[in-house]
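Colleague: When we follow this note's numbering, the leftmost residue of the sequence shown carries the number 4, and every step to the right adds one.
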Amino acid sequence: MNSKQVVLITGSSTGFGRLFTDTLARKGHTVFATMRDPGGRNAKNASEIRALAEKDSLPIHVLELDVTDDASVERAVDAVVAKAGRIDVAINNAGYYLSGLEEAVTTEQAQRLMDTNFLGPVRVNRAVLPHMRGQRSGVLMHISSAAGRIIAPSMGFYCASKFALEALAEAYSYELAAQGIESVIVEPGQYETPVFGNTVKAADEARTSTYGAVKELPAKINAALSSTAGNAQDVADVVLRIIETPAGEKQLRYFVSPQDFGLNEINALCKQVQTGALEAFGLTEDTKFRKGKAVGSV
Ligand SMILES: NC(=O)c1ccc[n+]([C@@H]2O[C@H](COP(=O)([O-])OP(=O)(O)OC[C@H]3O[C@@H](n4cnc5c(N)ncnc54)[C@H](OP(=O)(O)O)[C@@H]3O)[C@@H](O)[C@H]2O)c1
Numbered sequence: 004m005n006s007k008q009v010v011l012i013t014g015s016s017t018g019f020g021r022l023f024t025d026t027l028a029r030k031g032h033t034v035f036a037t038m039r040d041p042g043g044r045n046a047k048n049a050s051e052i053r054a055l056a057e058k059d060s061l062p063i064h065v066l067e068l069d070v071t072d073d074a075s076v077e078r079a080v081d082a083v084v085a086k087a088g089r090i091d092v093a094i095n096n097a098g099y100y101l102s103g104l105e106e107a108v109t110t111e112q113a114q115r116l117m118d119t120n121f122l123g124p125v126r127v128n129r130a131v132l133p134h135m136r137g138q139r140s141g142v143l144m145h146i147s148s149a150a151g152r153i154i155a156p157s158m159g160f161y162c163a164s165k166f167a168l169e170a171l172a173e174a175y176s177y178e179l180a181a182q183g184i185e186s187v188i189v190e191p192g193q194y195e196t197p198v199f200g201n202t203v204k205a206a207d208e209a210r211t212s213t214y215g216a217v218k219e220l221p222a223k224i225n226a227a228l229s230s231t232a233g234n235a236q237d238v239a240d241v242v243l244r245i246i247e248t249p250a251g252e253k254q255l256r257y258f259v260s261p262q263d264f265g266l267n268e269i270n271a272l273c274k275q276v277q278t279g280a281l282e283a284f285g286l287t288e289d290t291k292f293r294k295g296k297a298v299g300s301v
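#1: Using a threshold of 7 Å, state whether the C-beta atoms of Arg39 and Asp69 are closer than that.
#2: Using 6 Å as the cut-off, classify the Cβ of Asn270 as near or not near the heavy atoms of ligand 1, replying yes or no.
#3: Would you mind stating whether Leu147 and Asn120 have Cβ atoms separated by less than 7 Å?
#4: At which residues does the beta strand (DSSP E) containing Ala36 begin and terminate?
#5: Please determine, among Pro221, Thr231, Val92, the residue with the shortest C-alpha to C-alpha distance to Ser6.
#6: Inspect the beta-carbon positions of Thr327 and Leu243 and report whether they are closer than 7 Å.
#7: Please list the segments of the alpha helix (DSSP H) lying wholly inside the segment 200-229, counting only runs of 4 or more residues, in order along the chain.
#8: Is Tyr177 helix, strand or coil by DSSP?
#9: Rounded to the nearest angstrom, what separates Ala28 and Ala46 at their Cα positions?
#10: Going by alpha carbons, who is nearest to Gln193 out of Gln236, Ala180, Tyr175, Val187?
#11: Note the first and the last residue of the continuous alpha helix (DSSP H) segment covering Ser50.
#12: So, under 8 Å CB-CB, Tyr177 and Thr290 are touching, yes? Tell me the CB distance rounded to an integer number of Å.
#13: Under three-state DSSP, which class holds Tyr194?
#14: Kindly provide the ranges of any beta strand (DSSP E) runs that are 3 or more residues long and lie completely inside the segment 230-296, ordered along the chain.
#15: Asp25: beta carbon under 6 Å from a heavy atom of ligand 1?
#16: Is the distance from the Cβ of Pro1 to the Cβ of Ser102 below 7 Å?
#17: Distance, Cα to Cα, Val298 vs Ile184?
#18: Whole angstroms are fine: how far does the CA of Val108 sit from the CA of Tyr214?
#19: Spatial neighbours of Lys30 within its chain, please: C-beta separation below 7 Å, excluding the five flanking residues on both sides.
#20: For Asn95, which three-state DSSP category applies?
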């Protein structure tokens with residue numbers, strides 16, 4: 004694989020996605036910064052990114068991609084391959100936070116959250132994998148969360164969406180390793196981005212109102228998260244380091260956080276248990292990373 008990579012990022016209008024775009028492009032990686040509606044709701048964000056790319060001669064292309072829309076995902080991936088001839092890294096970053104007592108979350112809100120945070124990466128991965136398989140290389144990156152490993156009250160649906168993402172990403176890592184494709188998970192703690200301002204609140208207030216003092220929990224947790232949030236550039240630096248780690252040497256999980264919630268211990272124990280389970284099922288060899296030969300090479 005060329006050391007300068009072709010990277011597609013979802014949810015690049017603001018926050019982590021925007022920072023990843025800037026950080027990776029400044030190191031010479033070609034970035035396809037995708038977002039919803041760059042000609043409308045994100046017109047200002049799109050034009051700021053384009054202006055920056057032009058001013059600093061950065062290899063950034065802005066494309067439309069809504070992760071809840073199959074056709075939009077396929078169009079964007081086709082456009083990347085048509086322009087760059089390949090796709091090395093897909094960063095599944097688009098997502099949002101839903102906060103509130105679980106009983107007050109409507110089924111429609113739950114479906115919408117899963118459609119973005121979980122099915123979004125499903126759509127992106129399905130669109131990029133045929134190209135990565137053709138190259139016999141590639142990286143699927145999943146921006147999960149510390150909430151993909153630990154659970155807090157009033158975060159149940161958000162945690163569920165990130166736990167689901169973690170399960171999918173881990174299964175992908177086992178299935179794709181033999182084809183030279185890596186699947187990695189980034190687990191950020193709380194960081195300063197627009198995520199808290201974009202939080203969706205559980206809609207059924209009548210249910211919430213029956214919970215007495217417990218109904219204050221979402222506000223308590225959100226205040227604790229935003230008052231301890233770290234510098235989001237730390238996460239972008241980790242993403243850059245992962246992308247620049249040689250194929251076959253990446254970890255499955257990377258926890259990065261301003262607070263140590265003990266996730267490294269959970270991840271170390273899970274790795275040990277998973278390794279044992281794969282061994283017990285006789286799958287160790289099948290799930291080993293093998294550097295692939297590019298199609299057409301000898
Ligand atoms: N900040 C944190 O503390 C933290 C911690 C752990 C994990 N995370 C995760 O990090 C990721 C990025 O969040 P952030 O903190 O950078 O917050 P953010 O600034 O609110 O970014 C979220 C991004 O997702 C995009 N998005 C939402 N729905 C989309 C859709 N259907 N299609 C395409 N893009 C969509 C948003 O685009 P629009 O502009 O179109 O709305 C926005 O660009 C999320 O997955 C979040 O769960 C954040």
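Positions of the beta carbon are idealized from the N, C-alpha and C atoms, including for glycine. Remember, predicted model here, so these are calculated numbers, not experimental data.
Modeller: Here's the rundown:
#1: Cβ atoms of Arg39 and Asp69: closer than 7 Å.
#2: No.
#3: For the sequence presented, residue 147 should be read as Ser rather than Leu. In this structure, Asn120 does not lie closer than 7 Å to Ser147 by Cβ.
#4: 33-38
#5: Val92
#6: Missing from the structure shown is residue 327; the chain here goes from 4 to 301 and no further.
#7: 208-211
#8: The answer is helix: DSSP assigns Tyr177 an H, G or I state.
#9: C-alpha of Ala28 to C-alpha of Ala46: approximately 20 Å in a straight line.
#10: Gln236
#11: For Ser50, the enclosing alpha helix (DSSP H) has its first and last residue at 46-58.
#12: 4 Å
#13: strand
#14: 256-259
#15: No, ligand 1 has no heavy atom inside 6 Å of this Cβ.
#16: This structure cannot speak to residue 1, because the chain is shown only from 4 to 301.
#17: Low per-residue confidence applies at Val298: pLDDT is 44, beneath 50, and the placement is therefore not dependable, though the value from the model is reported in the following sentence. Taking the straight line from one Cα to the other gives about 14 Å.
#18: 14 Å
#19: Hits under 7 Å: Leu243.
#20: strand
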